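Residue numbers (this note's numbering), protein chains in the order written: chain P, 1 to 270; chain F, 271 to 493. Note sheet for the following structure.
Below is the structure:
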């Protein structure tokens, strides 16, 4: 059996588990819609008052936040779901059972959150549907190939951050400083809800250390400003550099964490 | 396959900043097994479960070595060669049926779905687990039937070394008889190592029995 078959087994398992919570599935889609409505009315309330900060993107506030939420909702899946799924495996006592099989760690990592990415794609479709039928943000200028490149580079980067975050769960169970940073600061400093140019100078500097800043800015420029690859090349290079460092680094750190848990007997604990 | 372990040492550190003492679980344990069914007896805390986890590649020892046919066997290799049925049968996905759980774990061991289903059905029949219970959600099973599913997961791997930690827990008489037959059959082609606090069942299952005490396997002593 290939690694694909192993990953497919994880997807099937998670689909069956998710399907057994039918109401949660429907409420998830409804929550996405309600979330969008909040920002739609905020956009209506403040109208063009944030226009100078939004000028580089050529978008109004709602169009900006609509795109950022859809984008960050997807790439944030990578950042958050590894630790969450691993903690779930620990709590139900299946982590040790799974890692006592011959499954390889890269296949385990690919399978662990594969369903979450599929569900995030479904949420993306909800965004698209809500956008097309109800909120109608202006996306006519979008350069989709450039946006797709930003998307792929960002997804890899955030999935790697998620894998690093899950190392804390393997070793310490609860108390995950990486998740804390990702949850509390990525949205604030990364330009998801507003352009980072709104931030004071010192916070702007901090935001430059975060991959989300480059990801959101490049995506917004491609989607609203119609920017091509050449126009956003510095952001793309920054994301590629993060990927080069984080993708192999995260798998290496995860294998070290699991080896340590196998050594101190923590794999079966919760 | 001949599997040999020698001088295995395992010390569990205390939880981080707990101020507790490290726990010595294995203190130079060793054994050799090349086929058949071998029983291991011993008091609670004597190191049986830790030894099984090391042999299953789930736990890395602090000292000693494990070899398979004379070659050093790293944990990755041990996870391919062995299957462990743990002493508690709850390491399953409760929202999935027993059959779905078995299919999932079989896939991780490289067993195709159809083959996994066929093996599960045959083993369920032996252990007197009704087919309807295979289709039942795991959290709706009785403790004894959970144990049967756990045994099916281990047996269906058809590993070179089968590690059964307290396999008779929760089983009724008929299922115990079925399990004894399964062990005897498996012991003809591979090695089966089991623990039990039930001396009668241990004797019935294993012609050869060892005893563990304070993290060591007492060679030549019966359980």
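Idealized CB from N, CA, C, for every residue including glycine. All values reported here derive from a predicted model rather than from experimental measurement.
Scan the stretch 98-124 of chain P for residues whose Cβ lies nearer than 8 Å to a Cβ of chain F and list them as they occur along the chain. 98, 99, 100, 101, 102 and 103
Do you know offhand how far residue 102 (chain P)'s Cα is from residue 355 (chain F)'s? 15 Å
Return the chain-ordered list of same chain residues with a C-beta closer than 8 Å to the C-beta of residue 139 (chain P), the five sequence neighbours on each side being excluded. 63, 67, 131, 223 and 224
For chain F, check one thing: does any of its Cβ atoms lie closer than 7 Å to the Cβ of residue 263 (chain P)? yes
Contacts that residue 93 (chain P) makes with chain F (C-beta to C-beta distance below 7 Å): 360 and 361
Whole-angstrom Cβ separation of residue 408 (chain F) and residue 368 (chain F), contact assumed at under 8 Å? So it is a contact: roughly 6 Å between Cβ atoms.
Taking just the CA atoms, how far does residue 17 (chain P) sit from residue 493 (chain F)? For residue 493 (chain F), the pLDDT reaches just 48, beneath the cut-off of 50, and the residue's location in the model is therefore unreliable, although a value from the coordinates is still provided. Approximately 43 Å between the Cα atoms of the pair.
If you reduce the DSSP assignment to three classes, tell me which class residue 395 (chain F) lands in. helix
Measure the C-alpha to C-alpha separation of residue 274 (chain F) and residue 310 (chain F) and round it to an integer number of angstroms. 15 Å
Roughly how many angstroms lie between the CA atoms of residue 277 (chain F) and residue 333 (chain F), to the nearest whole one? Distance between the alpha carbons of residue 277 (chain F) and residue 333 (chain F) is about 7 Å.
Could you tell me which chain P residues have their CB closer than 8 Å to the CB of residue 269 (chain F), listed as they occur along the chain? The question about residue 269 (chain F) has no answer here: the residues shown for chain F are numbered 271 through 493.
Would you decide whether residue 443 (chain F) is buried or exposed? Buried here means 16 or more other CB atoms lie within 10 Å of its CB. By the neighbour-count rule (16 or more Cβ atoms within 10 Å), residue 443 (chain F) is not buried but exposed.
Within chain F, the residues that residue 267 (chain P) reaches when beta carbons sit closer than 8 Å: 328 and 329
Could you check if residue 90 (chain P) is buried or exposed, using at least 16 other CB atoms within 10 Å of its CB as the buried criterion? buried
Spell out whether any CB of chain P is found under 7 Å from the CB atom of residue 350 (chain F). yes
Using a beta-carbon distance below 7 Å, is residue 370 (chain F) in contact with chain P? Yes, residue 370 (chain F) lies at the interface with chain P (some Cβ there is under 7 Å from its Cβ).
Residue 425 (chain F) at chain P interface by Cβ criterion, 7 Å: no
Check whether the Cβ atoms of residue 456 (chain F) and residue 305 (chain F) lie closer than 7 Å to each other. no
Quick check on the DSSP output: what are the complete alpha helix (DSSP H) runs of length 4 or more inside the stretch 362-424 of chain F, in order along the chain? 368-378, 383-396 and 401-404
Short Cβ contact (7 Å threshold) for residue 397 (chain F) with residue 328 (chain F): No, the pair does not count as a contact, with Cβ atoms beyond the cut-off.
Residues sharing a beta bridge with residue 261 (chain P), DSSP: Note: residue 261 (chain P) sits in no beta bridge, so no partner.
In chain order, what residues of the stretch 373-384 of chain F put their CB closer than 8 Å to some CB of chain P? So the list reads 373, 374, 375, 377, 378, 379, 380, 381 and 382, given in the order they occur along the chain.
My output table needs one value for residue 500 (chain F): the three-state DSSP class, helix, strand or coil. Shown here, chain F extends from 271 to 493; a query on residue 500 (chain F) therefore has no answer.
Buried versus exposed call for residue 233 (chain P) [16 or more other C-beta atoms within 10 Å across all chains shown]: Per the 10 Å Cβ criterion, exposed.
Closer than 7 Å, CB to CB, is residue 283 (chain F) near chain P or not? Yes, residue 283 (chain F) lies at the interface with chain P (some Cβ there is under 7 Å from its Cβ).
Does any residue of chain F have a CB that is nearer than 7 Å to the CB of residue 6 (chain P)? Yes, contact with chain F.
In the DSSP assignment, find the alpha helix (DSSP H) that holds residue 454 (chain F) and state where it starts and stops. 443-459
Quick one: Cα of residue 41 (chain P) to Cα of residue 31 (chain P), how far? 16 Å
Determine the burial state of residue 252 (chain P): buried for a count of at least 16 other Cβ atoms within 10 Å of its Cβ, exposed for fewer. Burial check for residue 252 (chain P): the Cβ neighbour count within 10 Å stays below 16, so the residue is exposed.
Leaving aside the five residues before and after residue 480 (chain F) along the sequence, list all residues of the same chain whose C-beta is less than 6 Å from its C-beta, in chain order. 310 and 487
Can you check whether the C-beta of residue 325 (chain F) is within less than 7 Å of a C-beta belonging to chain P? no
I need the straight-line Cα distance from residue 58 (chain P) to residue 146 (chain P), nearest angstrom please. When only Cα atoms are considered, residue 58 (chain P) and residue 146 (chain P) end up about 16 Å apart.
With 7 Å as the threshold, decide whether the Cβ of residue 9 (chain P) is near any Cβ in chain F. Yes, residue 9 (chain P) lies at the interface with chain F (some Cβ there is under 7 Å from its Cβ).
Roughly how many whole angstroms lie between the Cα atoms of residue 429 (chain F) and residue 7 (chain P)? Residue 429 (chain F) and residue 7 (chain P): Cα-Cα distance of roughly 22 Å.
At a Cβ cut of 8 Å, what residues of the stretch 137-153 of chain P count as close to chain F, listed as they run along the chain? none
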